[in-house]
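Since the structure comes first, as structure tokens, the remarks are kept for the end.
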Amino acid sequence: MTASSQLTETGQNTKESSAIDQEPEVPARPGPDGTEPPRERGATTAPAELRADCIADSAGGLTFDLNVPQDTHTTWSAALVLRLRGGDGADDEVRLPLGPNGAGRLRAVLPSTVALAEGRWNAYADLGDGADPRRLLPGINDLRSLVDRRPLAGIGRLGVRIPYATKFGNLALRSWLRGPHAEAGDILVTPDGMTVSGRLYGAAPTAGARAEAWLRRTAASAEAPAVTVTVPLTVEGAEFTFTLPYAEPAGHWEDGSEPWDLWLCLTEGARPVRIARLLDDVADKKQVFSYPVMPVRTAAGHLRVGPYYTLDNDLALRVAGPAGS
55 MTASSQLTET
65 GQNTKESSAI
75 DQEPEVPARP
85 GPDGTEPPRE
95 RGATTAPAEL
105 RADCIADSAG
115 GLTFDLNVPQ
125 DTHTTWSAAL
135 VLRLRGGDGA
145 DDEVRLPLGP
155 NGAGRLRAVL
165 PSTVALAEGR
175 WNAYADLGDG
185 ADPRRLLPGI
195 NDLRSLVDRR
205 PLAGIGRLGV
215 RIPYATKFGN
225 LALRSWLRGP
235 HAEAGDILVT
245 PDGMTVSGRL
255 YGAAPTAGAR
265 AEAWLRRTAA
275 SAEAPAVTVT
285 VPLTVEGAEF
295 TFTLPYAEPA
305 GHWEDGSEPW
315 DLWLCLTEGA
325 RPVRIARLLD
335 DVADKKQVFS
345 YPVMPVRTAA
355 GHLRVGPYYT
365 LDNDLALRVA
375 GPAGS
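Position one of the sequence shown corresponds to residue 55 (the numbering used here), numbered consecutively onward.
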């Protein structure tokens with residue numbers, strides 16, 4: 055089965071993804087003294103680990119080269135299997151044919167034309183031998199083509215797939231499917247606010263285009279109107295820029311750490327476009343990209359305000375209470 059080609063709705067869902075690395079780990083049951091139990095007589099040895107090297111191309115496709123024992127036998131049905139974490143639909147499993155690629159090597163190709171839904175996809179090898187698909191381990195990744203990837207601005211749908219190692223050391227893919235898309239570029243942080251520059255894909259802004267910050271706790275509430283801060287958007291060709299002063303978001307702070315999600319409203323009546331940074335080789339930006347946090351004086355005290363990337367690599371603003379609160 056192939057993945058759905060339906061576009062991801064980027065305009066209404068403001069909640070960060072919960073599909074983080076929560077894959078189950080199944081350790082061997084320990085013996086009475088806490089050690090690993092001995093193998094039963096006649097028990098077969100565990101199958102050899104299967105590792106996959108990944109090569110990315112500039113169009114968004116991936117090639118998987120599996121290292122397997124040279125005596126490994128496969129059938130016509132052998133496949134590299136991708137399963138969407140948390141998914142149970144027909145489109146949440148993708149099978150890519152596995153074929154020989156030299157001694158001890160098998161190859162599968164994920165073309166850029168095959169759509170993967172947004173999320174985290176676990177990778178398995180089904181050798182067609184009747185056994186359950188085996189979880190793949192990461193090998194060597196060549197992701198140079200993803201660094202500063204620059205698709206055509208007129209592309210209708212942008213697909214991004216980045217292979218990575220999970221916290222349990224398994225191979226997985228992080229996938230995004232956006233259309234239109236607003237790619238975050240340089241972010242200039244000053245004491246009073248931040249200026250965001252970026253590039254549009256599959257979008258045609260009209261007069262009155264603007265950037266908006268949505269207070270997440272109100273955007274997710276049906277009991278009261280969402281709190282938004284709107285600023286002008288400057289567009290030149292496919293490039294955009296806007297400046298968001300910190301004073302107004304800080305003035306809405308109530309308690310704790312409050313995130314604001316950043317969007318572009320490009321055409322009146324069209325769904326807003328989420329700002330994100332996807333076009334590089336970093337699967338999880340939140341732990342890699344960091345920006346200065348500035349003190350902002352308000353009636354509640356000196357708050358701390360600064361940009362960050364969410365678990366989905368979307369751009370957001372965080373307003374936090376005074377230090378030590």
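Just so you know, even glycine gets a beta-carbon here, dropped at the ideal spot from N, CA and C.
All of these numbers come straight from a predicted model, not from anything done at the bench.
Straight-line measurement puts the Cα of Asp142 at about 30 Å from the Cα of Trp317.
Taking 8 Å as the cut-off, the beta carbon of Asp119 is found closer than this to the beta carbon of Arg161.
Rounded to whole angstroms, the Cβ separation of Ala207 and Tyr255 is 6 Å, and the two are in contact under 8 Å.
Rounded to the nearest angstrom, the gap between the Cα atoms of Pro346 and Pro361 is 8 Å. Distance from the CA of Glu312 to the CA of Ala377, rounded to the nearest whole angstrom, comes to 14 Å.
Ranked by Cα distance from Gly291, the options Lys221, Thr260, Pro192 and Pro326 are led by Thr260. Straight through space, the alpha carbons of Gly262 and Asp240 are spaced by roughly 23 Å. Assigned with DSSP and collapsed to three states, Arg270 falls in helix. Here the stretch 347-361 makes no contact with the stretch 217-237; the two share fewer than three CB pairs at distances below 8 Å. Contact annotation: the stretch 222-242 touches the stretch 163-178, with at least three C-beta pairs closer than 8 Å. Distance from the Cα of Gly375 is smallest, within the candidate group Leu369, Thr364, Asp366 and Met348, for Met348. With respect to the C-alpha of Thr297, the residue from Pro154, Trp268, Arg264 and Arg358 having the closest C-alpha is Arg264. According to the DSSP assignment, Pro303 belongs to the alpha helix (DSSP H) that extends over Ala301 to Gly305. Distance from Pro192 to Arg271 at the Cβ level is roughly 37 Å; contact not present, criterion being Cβ atoms closer than 8 Å.
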